[in-house]
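Student: The structure that follows is given in the form of structure tokens.
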Amino acid sequence: MRGALHTQRYRRFLDRLKNARVEAGLTQAEAAAKLKKPQSFVSKCEAGERRVDVIELEDFAKAYGRPILFFFRS
């Protein structure tokens with residue numbers, strides 16, 4: 000994996016981010032609508048092309064009905 004953007008820990012976080020969306024029964028487009036962002040935002044976040052900051056993570060957690068700690072559990 001390349002650099003800090005793609006560390007193994009961050010990759011696990013991204014897997015949890017995508018799984019939370021899928022488990023919530025949302026497409027990327029539906030998730031984006033809840034977040035008031037374009038679908039490409041969700042896609043880039045899930046693919047690791049864009050880093051997720053803590054405020055955005057709080058928004059993802061709310062949109063997916065998950066506690067924020069869900070994204071950090073092993």
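Note that numbering that gives the first Met the number 0 numbers the sequence shown so that position 52 is 51, with each residue one more than the last.
Backbone N, C-alpha and C fix where the C-beta goes; we use that ideal spot for every residue, glycine too.
Treat the numbers as computed from the prediction; the structure is a model and nothing was measured.
(1) In whole angstroms, give me the CA-to-CA distance for Thr6 and Leu56.
(2) Nearest by alpha-carbon distance to Val53: which of Gly24, Glu22, Arg10 and Phe70 is it?
(3) Can you find the residues in the same chain that come closer than 7 Å, C-beta to C-beta, to Met0, ignoring five residues on each side of it along the sequence?
(4) For Val21, is the classification buried or exposed, using 16 other Cβ atoms within 10 angstroms of its Cβ as the cut-off for buried?
(5) Go through its chain and collect everything with a Cβ distance to Ala46's Cβ below 8 Å, but skip five positions before and after it.
(6) For Gln38, I'd like the list of residues in its chain whose CB is within less than 7 Å of its CB, leaving aside the five on either flank, ordered along the chain.
Tutor: Quick answer:
(1) As a position in the sequence shown, residue 6 is number 7, starting the count at 1. As a position in the sequence shown, residue 56 is number 57, starting the count at 1. When rounded, the distance between both Cα atoms is 18 Å.
(2) Counting from one through the sequence shown, the residue named residue 53 turns up at place 54. Ranking Gly24, Glu22, Arg10 and Phe70 by Cα distance to Val53 puts Phe70 first.
(3) As a working mapping, residue 0 is identified with position 1 in the sequence shown. Since pLDDT at Met0 reaches only 42, below the 50 mark, its modelled position is unreliable, and the value read off the structure follows with that caveat. Answer for Met0: Thr6, Gln7 and Arg10, listed in chain order.
(4) The residue labelled residue 21 in the question sits at position 22 within the sequence shown. The residue is exposed, with fewer than 16 neighbouring Cβ atoms inside 10 Å.
(5) The residue labelled residue 46 in the question sits at position 47 within the sequence shown. Leu13.
(6) In the sequence shown, the residue the question calls residue 38 occupies position 39. The answer, listed in chain order, is Gln27, Ala28 and Ala31.
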